[in-house]
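In numbering that gives the first Met the number 0, the protein residues as written are 0 to 451.
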Amino acid sequence: MKTIEMQEAVALCQEAEKMSPEQRGSLREKRLHSLVDYARAHSAYFRKAYKDIGEHYALEDLPPTNKRVLMEDYQGWVTDPRITYDGVFEYINSPEAGVKRYLEAYTAITTSGTTGSPVPMVRDSYHNTIHGAMMQTRLLRQTDPDLMIPVRNKIAAAIFLDPHVSSYSSLLRTKKAYPGCEENILEVSITSDVASIVEQLNAFQPDLVTGYPSVMGALANAQKQGTLRIAPKAIACSAEVLTETVYHALRQTFNCPILNNYCSTEGGEAAMSCSLGKLHVNDDWVILEPVNQDGSPTKVGEWSDGVYVTDLTNYVQPIIRYYMEDKIKIYQEPCSCGIALPVMEILGRTGENLTVGGIEMLGVNVEYLLQYVEGVYALQLVQRGETEFEIRMIPESEEKRTTVFEEARKILEDFFQRNGCPPVKFIQSQEPPIHNQKGGKLKFIVKDFDGR
Ligand SMILES: [Zn+2]
């Protein structure tokens, strides 16, 4: 198993930023070859997939892969034969998840979402140390590098209190790593209403607030109105796209650095924000290839249809040219902040809020609740009026359509009722979800009516 000390990882991250793009290119190539050699030697899947690849190859010569193909052969994908699909889930669902290591060596998380089966991801300390070093040296460069360590700083995380979700499991790990500092960490459930989140944050007075941009937007409103009264050193957003609107609202309201990153359960932290709010690609450790629908490279400066992700730090469950649906754009022009790493933009994955009868609720909560509805590949909520919704779906089979609708309706009715909304009408649609033209990912909540 590959290992690295934090000090060395930090030094590598800092050195790479002083390199020219060409120098980083050769560093990347060296790291890619070492990962590919390892994957071929230890993963049956990659051995087969790369059987026609000789000693001399470029990244583009490696056949791309995707979730469907890899999930068909999970056992062949991982490089440690002790890791099994059932074993990872057993660990993730156990009370030890996030506290003890899986097989005493690994951390494990899983993708969530309303479509398809979840992908369990196992990571070793090599991956976690390097990604931790990138956080320290890059994400936190505008602020206290110890901001995410709960010794001198108080951290509040507005998240789903579910150990399957990576933000919560990493919070549990942080708690475990700093015994005696537990009172410096506050986890706020975003399934509670905004007023209760505000109350808890006022009492806690955090140095750092982390959470979904859609939640942060609601908090900016509360701070503007004067109900929320906190003075954090920084705000860190994750999981969804941080729109310019939310970024500027947060920046103006809280007057502190707004940290953001582009990451995925499969590929890790691919890009981190600078002081100007732009995302810089960590291209020494993670390779992003913007591609068109047919897999050909997207022209520089144009929006891609998807992206191939390669995580050069994951030797346990290799992610090499792994297809993701995010639409991205990578710029050649340097950023005026002075950081040499390339700037990227991403579309899609914005979390929208819902307003029903004048009551604003966090859209992610609805999505989260509905992801447990069985028998459906995709669900979408189309708001047709102030208190009228159409439920669109792709059911597993036509027979299941009505059952899925009834279950989703019941969950939503309960949720709206708990939030004090007036009665809501639900329409069962025969149509599939409407695809957002701009973002690759399906938009979960669509507003389709005038006058809000
Ligand atoms: Zn910048």
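Every residue, glycine too, gets a C-beta built ideally from N, C-alpha and C.
Candidates the options, of which the one nearest residue i by Cα
{"i": "Ala-15", "options": "Asn-183, Gly-357, Pro-341, Cys-255", "result": "Pro-341"}
{"i": "Glu-389", "options": "Cys-12, Gln-379, Ser-396, Leu-200", "result": "Gln-379"}
{"i": "Asp-325", "options": "Glu-412, Val-290, Asp-310", "result": "Val-290"}
{"i": "Ser-33", "options": "Lys-1, Ile-327, Val-214, Tyr-84", "result": "Lys-1"}
{"i": "Tyr-125", "options": "Tyr-367, Tyr-371, Ile-444, Gly-267", "result": "Gly-267"}
{"i": "Asp-283", "options": "Ala-269, Lys-277, Cys-273", "result": "Ala-269"}
{"i": "Ile-433", "options": "Arg-391, Val-77, Met-323", "result": "Arg-391"}
{"i": "Gln-331", "options": "Pro-80, Val-197, Val-299", "result": "Val-299"}
{"i": "Val-423", "options": "Glu-430, Pro-431, Gln-382", "result": "Gln-382"}
{"i": "Arg-250", "options": "Glu-359, Cys-262, Met-271, Lys-223", "result": "Lys-223"}
{"i": "Phe-443", "options": "Lys-399, Leu-275, Val-363", "result": "Val-363"}
{"i": "Val-240", "options": "Ile-234, Cys-262, Cys-255, Asn-220", "result": "Cys-262"}
{"i": "Pro-317", "options": "Lys-17, Leu-31, Met-5", "result": "Leu-31"}
{"i": "Tyr-367", "options": "Asn-352, Asp-79, Cys-236, Lys-232", "result": "Asn-352"}
{"i": "Ala-233", "options": "Glu-430, Leu-258, Leu-11, Thr-242", "result": "Leu-258"}
{"i": "Thr-244", "options": "Ile-229, Asn-220, Pro-231", "result": "Asn-220"}
{"i": "Lys-66", "options": "Glu-265, Ala-230, Leu-170, Ser-237", "result": "Glu-265"}
{"i": "Val-9", "options": "Met-134, Phe-203, Leu-102", "result": "Met-134"}
{"i": "Cys-236", "options": "Val-197, Ala-155, Gln-292", "result": "Ala-155"}
{"i": "Glu-387", "options": "Arg-81, Asp-293, Gly-356", "result": "Gly-356"}
Nearest-angstrom Cα separation, counted from residue j out to residue i
{"i": "Arg-408", "j": "Asp-161", "result": "23 Å"}
{"i": "His-41", "j": "Pro-394", "result": "38 Å"}
{"i": "Ala-38", "j": "Thr-109", "result": "21 Å"}
{"i": "Glu-7", "j": "Ile-158", "result": "32 Å"}
{"i": "Ala-107", "j": "Ile-319", "result": "19 Å"}
{"i": "Lys-446", "j": "Leu-227", "result": "28 Å"}
{"i": "Leu-35", "j": "Lys-153", "result": "The amino acid occupying residue 35 in the given sequence is Val; Leu does not appear at that position. Going by the C-alpha atoms only, they are around 41 Å apart."}
{"i": "Leu-411", "j": "Ile-426", "result": "12 Å"}
{"i": "Phe-415", "j": "Phe-253", "result": "30 Å"}
{"i": "Val-121", "j": "Val-315", "result": "7 Å"}
{"i": "Asp-85", "j": "Ser-19", "result": "44 Å"}
{"i": "Glu-186", "j": "Ala-132", "result": "24 Å"}
{"i": "Leu-287", "j": "Val-306", "result": "6 Å"}
{"i": "Ala-43", "j": "Trp-76", "result": "6 Å"}
{"i": "Phe-88", "j": "Arg-100", "result": "13 Å"}
{"i": "Ser-335", "j": "Cys-273", "result": "10 Å"}
{"i": "Lys-29", "j": "Tyr-246", "result": "37 Å"}
{"i": "Leu-61", "j": "Thr-354", "result": "47 Å"}
{"i": "Asn-127", "j": "Ala-176", "result": "14 Å"}
{"i": "Gly-216", "j": "Leu-278", "result": "19 Å"}
{"i": "His-55", "j": "Arg-46", "result": "16 Å"}
{"i": "Asn-455", "j": "Arg-137", "result": "The structure shown does not extend to residue 455, since the chain spans only 0 to 451, so no value can be given for it."}
{"i": "Ile-184", "j": "Pro-333", "result": "37 Å"}
{"i": "Ile-358", "j": "Cys-12", "result": "45 Å"}
{"i": "Thr-113", "j": "Gln-370", "result": "At Thr-113 the pLDDT is 42, less than 50, meaning the model places this residue with poor confidence; the figure from the coordinates comes in the next sentence. If you take the alpha carbons of Thr-113 and Gln-370, they lie about 5 Å apart."}
{"i": "Ser-168", "j": "Pro-431", "result": "34 Å"}
{"i": "Ala-202", "j": "Ile-148", "result": "20 Å"}
Endpoints, alpha helix (DSSP H) assigned at residue i
{"i": "Arg-100", "result": "No alpha helix (DSSP H) contains Arg-100, which DSSP labels as neither H nor E."}
{"i": "Cys-236", "result": "Not the alpha helix (DSSP H): Cys-236 falls in the beta strand (DSSP E), residues 233–236."}
{"i": "Glu-14", "result": "5–17"}
{"i": "Val-118", "result": "Careful: Val-118 lies outside any alpha helix (DSSP H) and carries neither H nor E."}
{"i": "Gln-74", "result": "73–76"}
{"i": "Gly-86", "result": "84–91"}
{"i": "Lys-47", "result": "43–48"}
{"i": "Gln-331", "result": "Here Gln-331 belongs to no alpha helix (DSSP H), and DSSP marks it neither H nor E."}
{"i": "Gln-251", "result": "243–253"}
Residue i, DSSP secondary structure in three states
{"i": "Gly-267", "result": "strand"}
{"i": "Thr-109", "result": "strand"}
{"i": "Asn-352", "result": "coil"}
{"i": "Gly-439", "result": "Its pLDDT being 39, under 50, Gly-439 is placed unreliably in this model, and the coordinates cannot settle the point."}
{"i": "Glu-344", "result": "strand"}
{"i": "Tyr-321", "result": "strand"}
{"i": "Ala-156", "result": "strand"}
{"i": "Asp-36", "result": "helix"}
{"i": "Gln-135", "result": "helix"}
{"i": "Glu-198", "result": "helix"}
{"i": "Pro-432", "result": "coil"}
{"i": "Gly-450", "result": "Low local confidence applies: a pLDDT of 49 at Gly-450 is under 50, so the model's placement there is unreliable, with the coordinate-based value given in what follows. Correct three-state label for Gly-450: coil."}
{"i": "Tyr-376", "result": "strand"}
{"i": "Glu-385", "result": "coil"}
{"i": "Thr-402", "result": "helix"}
{"i": "Ile-286", "result": "strand"}
{"i": "Met-70", "result": "helix"}
{"i": "Val-240", "result": "coil"}
Beta carbon proximity, residue i to chain D, threshold 9 Å
{"i": "Glu-301", "result": "Included in the structure is just one protein chain, with no chain D present."}
Extent of the continuous beta strand (DSSP E) to which residue i belongs
{"i": "Glu-186", "result": "184–188"}
{"i": "Leu-361", "result": "Taken as a continuous stretch (DSSP letters only), Leu-361 belongs to no beta strand (DSSP E), as it is neither H nor E."}
{"i": "Tyr-307", "result": "305–310"}
{"i": "Leu-207", "result": "207–210"}
{"i": "His-279", "result": "278–280"}
{"i": "Ile-426", "result": "424–427"}
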